[in-house]
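In our numbering, the protein residues as written are 1 to 316.
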């Protein structure tokens with residue numbers, strides 16, 4: 001095998017090392033790659049993988065290099081979507097290289113096109129299986145309040161034979177080796193992307209890593225630190241704001257939706273801020289007013305003055 005792809009976990013991070021002669025490395029916080037895979041739109045790449053399958057079948061009959069080039073170009077397009085696809089590209093580059101060396105003779109077994117065209121449907125199935133497993137075993141809100149070991153035994157005794165809907169763990173191509181001066185650990189040498197998925201699912205279970213569905217985006221996230229976290233750290237807009245950021249904003253707004261004092265203050269604040277843009281007042285005048293307005297609001301909040309008195313003061 002000309003390429004290498006290895007995965008291990010150390011110091012709370014996922015480590016990936018892959019490539020041919022020149023190796024690339026990538027580190028992610030533990031749980032990141034699996035969470036990204038869990039919500040990858042697999043069907044969005046259905047047409048691309050169908051096109052790869054067609055190119056491979058054309059290669060069977062024509063033995064023309066251009067079809068092999070089409071496969072590589074398509075895999076180059078999908079690789080940036082997820083770190084696991086780096087293995088797919090390396091594996092098929094090697095297969096195609098071997099096929100070329102044998103002049104594309106007898107390549108049907110070497111290049112099984114369905115192995116690629118079935119990837120979107122296989123990924124979608126595994127995504128649903130993993131979500132269901134999390135809900136029954138690792139979800140802090142929906143799974144029973146007992147040990148992960150008990151929950152796993154019950155779940156697989158009850159649903160393990162349902163291979164369509166229940167995640168199926170498979171034997172892993174593992175090593176146990178030195179990584180660097182500080183690390184000696186288990187290392188995965190995956191044969192395919194499904195081995196990587198299996199590896200991280202079982203690590204979540206082995207580590208009893210708690211999960212929860214984010215109250216903002218509705219997606220699972222791995223909880224680290226406090227178990228009362230309700231929002232994930234996924235970026236949700238072009239400003240770089242996360243669900244956690246928006247959760248704080250929504251909570252702040254929720255607390256104030258019935259706050260009449262705040263409503264009156266906010267309405268007047270926005271009106272006067274608009275006056276700056278219209279040239280009706282200077283910024284210095286606005287800031288002087290806003291400082292005094294906050295003081296009057298505090299008096300109203302404490303009951304020192306009434307809402308009507310505060311409203312009348314704002315209207316001056």
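Even glycine gets a Cβ: it sits at the ideal position worked out from N, Cα and C.
All values reported here derive from a predicted model rather than from experimental measurement.
Own chain partners of residue i with C-beta closer than 6 Å, once the 5 adjacent residues on each side are dropped
| i | result |
| --- | --- |
| residue 133 | 167 |
| residue 12 | 30 |
| residue 43 | 120 |
| residue 136 | 143 and 155 |
| residue 104 | 63 |
| residue 208 | 148 |
| residue 107 | 99 |
| residue 244 | 231 and 233 |
| residue 25 | 17 |
N- and C-terminal bounds of the alpha helix (DSSP H) containing residue i
| i | result |
| --- | --- |
| residue 307 | 307-314 |
| residue 71 | 65-78 |
| residue 134 | 119-137 |
| residue 278 | 260-278 |
| residue 53 | 46-62 |
| residue 293 | 283-302 |
| residue 163 | From DSSP, residue 163 is part of no alpha helix (DSSP H); its letter is neither H nor E. |
| residue 204 | 193-206 |
One or two residues paired with residue i in a DSSP bridge
| i | result |
| --- | --- |
| residue 9 | 14 |
| residue 19 | 4 and 23 |
| residue 29 | 13 |
| residue 175 | 187 |
| residue 222 | 211 |
| residue 242 | 235 |
Cβ-based neighbour list, residue i, same chain, cut-off 8 Å, excluding 5 preceding and 5 following
| i | result |
| --- | --- |
| residue 264 | 307, 310, 311 and 314 |
| residue 272 | 281, 286, 289 and 290 |
| residue 276 | 282, 283 and 286 |
| residue 212 | 139, 140, 141, 220, 221, 223, 229 and 230 |
| residue 296 | 305, 310, 313 and 314 |
| residue 301 | 261 |
| residue 96 | 68, 71, 72 and 111 |
| residue 152 | 137 and 205 |
| residue 125 | 164 |
| residue 242 | 231, 232, 233, 234, 235 and 236 |
| residue 52 | 70, 71, 74, 75, 113, 116 and 117 |
Contacts around residue i, its chain only, beta-carbon distance under 7 Å, and the 5 residues preceding and following it disregarded
| i | result |
| --- | --- |
| residue 36 | 82 |
| residue 50 | 117 |
| residue 303 | none |
| residue 77 | 48 |
Residue range of the beta strand (DSSP E) that includes residue i
| i | result |
| --- | --- |
| residue 107 | That residue, residue 107, is in no beta strand (DSSP E); it is neither H nor E in DSSP. |
Whole-angstrom C-beta distance between residue j and residue i, which should lie under 8 Å
| i | j | result |
| --- | --- | --- |
| residue 210 | residue 138 | 6 Å |
| residue 87 | residue 179 | Residue 87 to residue 179, Cβ: 19 Å. No contact. |
| residue 227 | residue 140 | 6 Å |
| residue 34 | residue 204 | 7 Å |
| residue 322 | residue 202 | The question about residue 322 has no answer, for the chain in this structure spans 1 to 316. |
| residue 20 | residue 3 | 5 Å |
| residue 150 | residue 173 | Between residue 173 and residue 150 the Cβ distance is about 29 Å, and since that is not below 8 Å, they are no contact. |
Say whether the stretch 9-19 touches the stretch 79-99, bearing in mind that this needs 3 or more beta-carbon pairs closer than 8 Å, one atom from each stretch. With a cut-off of 8 Å, the stretch 79-99 and the stretch 9-19 count as touching, because enough Cβ pairs lie within range.
Cβ contact check for the stretch 64-81 and the stretch 186-200: 3 or more pairs under 8 Å: Result no; under three Cβ-Cβ pairs closer than 8 Å.
Quick check: the stretch 108-117 against the stretch 49-66, are at least 3 beta-carbon pairs closer than 8 Å? yes
Assess contact between the stretch 26-43 and the stretch 211-223, defined as three or more Cβ pairs (one per stretch) separated by less than 8 Å. Is contact present? yes
Can you find at least 3 beta carbon pairs, one from the stretch 66-75 and one from the stretch 85-94, that sit closer than 8 Å? yes
Is the stretch 130-148 close to the stretch 193-210, with three or more CB pairs under 8 Å? yes
Can you find at least 3 beta carbon pairs, one from the stretch 155-162 and one from the stretch 230-241, that sit closer than 8 Å? Too few Cβ pairs lie closer than 8 Å, so no.
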